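Structure, rendered in structure tokens:
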């Protein structure tokens, strides 16, 4: 999707009628930022004949547009500061990350006497989401009824009430999120869940590393939850137990900012993690509770992020600008738990991750990512979870691409809250949810994608896919399970890119045909779900 540039002759969003100096020459000359104009389009651009109708005008009238100050507060440059093309591009990415904006573009409007005037062009989406939703995957249905506003009064705040019925529980959730608390860079998030198997409360306040050149960060997060967890084998529950979980983290972070295209960041903090388990009396001997844990961990962390990004279209979305990070993004954290500090054991605690991308040619993109977390105890690694994933995209034409992906997860003496499962809910689309379980898994997918120019009712971008999945787990919950072994499926589906609402999702309607497994599996699985990508 490209922002419309049809404007009056004196409108700075229109393409410049005279050639502007290059970014390099502006930076070398010491030019400074002058006027910053925010040009925010409503949901529908009624200056276009195809969007000038009564229904779209009514939607615009009912919708509260994003306020100018909401956008200005997220910009990384101000009037009077030195002009930097890098800050314009990074500000674009920051704005596009908001679910209440369809797209964002920032460009030079005019240059005069060493002063650069800037235009920030954005377009809103519909952000009030009342109604009923339905989904199906892994042979199980889910539904929800609720209302959510993701751009409250045009200020970028989120408020929602949702009643959800899923596989594990029925829940009523009240959520609030403010990413610009009192017009600052602080974020505030709160959530209260009243569930069929317990309750959950979450609260977090944080000032993150919101930009590559950010020098300070810090935050506090708290959560308290009571729930029932289930252990699965062949898609069936083989154990259930009660969980009481409490978690808290406080941290501070510092950096010297961006130098030579990269930023080195340090963090230090304290984390409290308690998990207590209890058997369910109503299930008698069928409910077996695992051992719990109590950890108080001081830690220190380091991160390295490179300023290498590209903007593309029709990769994991349809008709939207996508920002892809190609530079290294590496983080690591080490901590220590001791009984002297209130922990129930002595352990070293680690948490690390990385991501990197490559473009060996204009038509190919490779993305690699991995994470590692766990504890080093007297017996060795516990609660260890190691993940590695790779994604490959081959651009065959503006309307077609070939995608292949593989993910490998490996657990080492996993904690009860770290189950590794494989099924319709984790990407193996032809099988029931959580059909296999074990201490490790791998899943590979190849997908032929098509992105059409069809834009029915100016609401949805339409695409489609033909796919093949294969994978398996190992070291199953119950040795000898007939489900253990290679599982394969193939199928096809429709993709609907939601370009006018703040859902920010791609609706999947798939039919998947399993090739393995036992006779209890249906010959075809129908999947209807909303996902963040194609």
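Numbering (the working numbering), first residue to last: -15 to 518. Heads up, the beta-carbon is just placed ideally off N, CA and C, and yes, glycines get one too. None of the values given here were measured: they were computed from a predicted structure.
Starting from residue i, trace the beta strand (DSSP E) in both directions and tell me its first and last residue.
i	result
residue 405	404 to 406
residue 107	99 to 108
residue 111	Counting along the chain, residue 111 falls outside any beta strand (DSSP E), and DSSP gives it neither H nor E.
residue 35	Premise fails: residue 35 is in no beta strand (DSSP E) and is neither H nor E.
residue 344	331 to 345
residue 286	277 to 290
residue 295	293 to 297
Return helix, strand or coil for residue i, following the three-state DSSP convention.
i	result
residue 82	coil
residue 605	No information on residue 605 is available, as it lies outside the stretch -15 to 518 that the chain covers here.
residue 27	coil
residue 395	strand
residue 7	helix
residue 265	helix
residue 131	strand
residue 499	coil
residue 12	helix
residue 538	Residue 538 lies beyond the stretch modelled for the chain, which goes from -15 to 518, so this question has no answer here.
residue 195	coil
residue 433	strand
residue 167	helix
residue 69	helix
residue 77	helix
residue 323	helix
residue 172	strand
residue 64	coil
residue 464	Reliability fails at residue 464, whose pLDDT of 48 lies under 50, so the model's placement of it is uncertain and no value is given.
residue 49	coil
What distance in whole Å lies between the Cβ atoms of residue j and residue i, which are believed to be in contact at a cut-off of 8 Å?
i	j	result
residue 494	residue 511	4 Å
residue 423	residue 458	7 Å
residue 89	residue 105	5 Å
residue 366	residue 353	At roughly 24 Å, the Cβ-Cβ gap does not stay under 8 Å, so residue 366 and residue 353 are not in contact.
residue 152	residue 214	7 Å
residue 419	residue 411	Actually they do not touch by this definition, with Cβ atoms about 12 Å apart.
residue 425	residue 455	6 Å
residue 80	residue 307	6 Å
Go through its chain and collect everything with a Cβ distance to residue i's Cβ below 8 Å, but skip five positions before and after it.
i	result
residue 486	83, 84, 109, 110, 111, 113, 134 and 135
residue 303	-15, 297, 435, 439, 445, 481 and 483
residue 413	121, 451, 453, 473, 475, 494, 496, 509 and 511
Who are the near neighbours of residue i in its chain, counting only those whose CB is closer than 6 Å to its CB and skipping five residues on each side?
i	result
residue 210	182, 183 and 228
residue 172	162, 165 and 189
residue -10	Reliability fails at residue -10, whose pLDDT of 38 lies under 50, so the model's placement of it is uncertain and the value that follows must be treated cautiously. Cβ within range, chain order: 31.
residue 156	147 and 178
residue 159	144 and 175
residue 317	283, 285 and 335
Look up residue i in the DSSP assignment and give the residues it is bridged to.
i	result
residue 482	444
residue 426	392 and 456
residue 513	492
residue 379	385
residue 302	Answer by DSSP bridge pairing: none, since residue 302 is not bridged.
residue 365	360
residue 160	143 and 174
residue 350	342 and 376
residue 420	406
residue 248	288
Go through its chain and collect everything with a Cβ distance to residue i's Cβ below 7 Å, but skip five positions before and after it.
i	result
residue 324	none
residue 169	191 and 194
Between which two residues does the alpha helix (DSSP H) harbouring residue i extend?
i	result
residue 44	38 to 46
residue 505	Where residue 505 is concerned, there is no enclosing alpha helix (DSSP H), given that its DSSP letter is neither H nor E.
residue 230	First-last for residue 230: 220 to 243, but that is the beta strand (DSSP E), not the alpha helix (DSSP H).
residue 55	52 to 56
At least one CB of chain D closer than 7 Å to the CB of residue i: is that the case?
i	result
residue 431	In summary, chain D is missing from the structure at hand, where a single protein chain is found.
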